[in-house]
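J.: Structure below; questions to follow.
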Amino acid sequence: SRLTRVLCQEAREIYQSLSEELETDTQFRELDLLLTIDLKDDSEQLAADYARCATPPTWVSVADACALEPLLNRNAIAGAFTVRQGHIHPGKTTQGYLKAFRRCGGEIEIARVVELVSSSDTIKAVKTVAATYHTANTVVCAGGLSRTLLKASGIPVYLYFTHEEMIETPRVDIKLQTIVIPADTKRFQLEQQASNKSVEHLWNKPGHEVIRPILDAGAVQFLDGSLRMGQLSRVLTDPYATIAPDKGEAEIRTQVGKILPALEKLPGTWHHCLVAFSNTGLPVVGSFSGVEGVYIFSGFTNPLVCVPPLAKRFANWVQGQEDEIIAKLSPAN
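Here the sequence shown is numbered in our numbering, starting from 1 and rising by one per residue.
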């Protein structure tokens, strides 16, 4: 869409100089993104879907795909699409933002939030287990916990979340040349189904599995030689649900191993986190009708692209500057 193309272009421009701005090496670089086509996929339909992109990926044969990524199992794919893709180190970039925030006089307190304290339809404070922080304005950037926190404060929002699982390896000698993900990514379909009106009532109570888990098998390697393999998505309505690591890790290794056999047995650590999403496929950013003093900045299923440009737009918007994109991301929508 025009909106997503604008955000992508702004993100590309921001990342060109972000390391200098933050005084931190974000490890920004461009790699070949390889979108693998499963033997059962409809290649023509996928090509039609990708033709809508601002920079449509190019179809390549199995031989060409394996030339780009020698670790691929040529017997597991029917070809691939490829395009250049920007990439950063999320952890180092986040730490860079935090350090720059402190240099600007910002203060960071780590505490478990209990509730947003309201009075006369206005959020007046943030209560934690240790203290209460009185404030004129509060921005909820709590990712997959945003829905639960706001609901506890009597503020409804059409935000949802998945439990994500992935594997992080230490530095390994194996060299992955590309970013590998499936061409037919199941994540987007999962978000549509899990936020459908027909299942909305399930989200009001913990203990439900809204739809079956999905796994988009892929991998990326960072400059330090470590790898990330994933990713498995579970739609459980309890953000504090206990996830047993063994089953998910085994499934990730098996599915990634079919595409990239050399990665299946690598040593690694299982990780789990929440990922928020909305019922529009876009983030939720802005203020709430009928409640003063509180804003939402959440629902980023693609934070590496969307957060930097939207953070700048949001900062200008709260100071009174009109912004048509922020208006389209309003919780009211």
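Virtual Cβ for every residue (Gly too), placed ideally from N, Cα, C.
Considering only their Cβ atoms, is the gap separating C273 from E164 smaller than 9 Å?
T.: Yes.
J.: Relative to the C-alpha of H271, which candidate in T242, E292 and T280 has its C-alpha closest?
T.: When only C-alpha atoms are compared, the closest one is T242.
J.: To which residues of the same chain is K127 closer than 6 Å at the C-beta, ignoring the five residues directly before and after it?
T.: If we look at K127 and ignore the five residues flanking it on each side, its Cβ neighbours are V114, E115 and V117.
J.: From which residue to which residue does the alpha helix (DSSP H) around E69 run?
T.: Counting along the chain, E69 falls outside any alpha helix (DSSP H), and DSSP gives it neither H nor E.
J.: Taking only three categories from DSSP, how would you classify I214?
T.: It is a strand residue.
J.: In the DSSP assignment, find the beta strand (DSSP E) that holds S118 and state where it starts and stops.
T.: Unbroken beta strand (DSSP E) run through S118: V113 to S118.
J.: Rounded to whole angstroms, what's the CA-CA distance from Q221 to L33? Just pull it up for me.
T.: Between Q221 and L33, the C-alpha separation is close to 12 Å.
J.: Using the beta-carbon count (16 or more within 10 Å), is E109 buried or exposed?
T.: So E109 ends up on the exposed side.
J.: Pairing CB atoms from the region 91 to 98 with CB atoms from the region 10 to 23, are three or more of them under 8 Å?
T.: In short, these stretches touch, since the Cβ pair count reaches three.
J.: Whose C-beta lies closer than 6 Å to the C-beta of E10 among residues of the same chain, with five residues either side of it excluded?
T.: Within the same chain, E10 has close Cβ partners P309.
J.: Check the DSSP bridge columns for K127 and list the partner residues they point to.
T.: Per DSSP, E115 and T132.
J.: Can you tell me the Cα-Cα spacing of G293 and D224, whole angstroms?
T.: Going by the C-alpha atoms only, they are around 43 Å apart.
J.: Do the CB positions of Y158 and S195 come within less than 9 Å of each other?
T.: Against a cut-off of 9 Å, the Cβ pair of S195 and Y158 comes out as a contact.
J.: My output table needs one value for Y240: the three-state DSSP class, helix, strand or coil.
T.: DSSP places Y240 in coil when its eight states are reduced to three.
J.: Per the DSSP calculation, G160 is bridged to which residue(s)?
T.: The question names Gly, but residue 160 is Tyr in the sequence shown. Looking at the DSSP assignment, Y160 forms a beta bridge with F277.
J.: May I ask you to report which of helix, strand or coil DSSP gives I110?
T.: DSSP places I110 in coil when its eight states are reduced to three.
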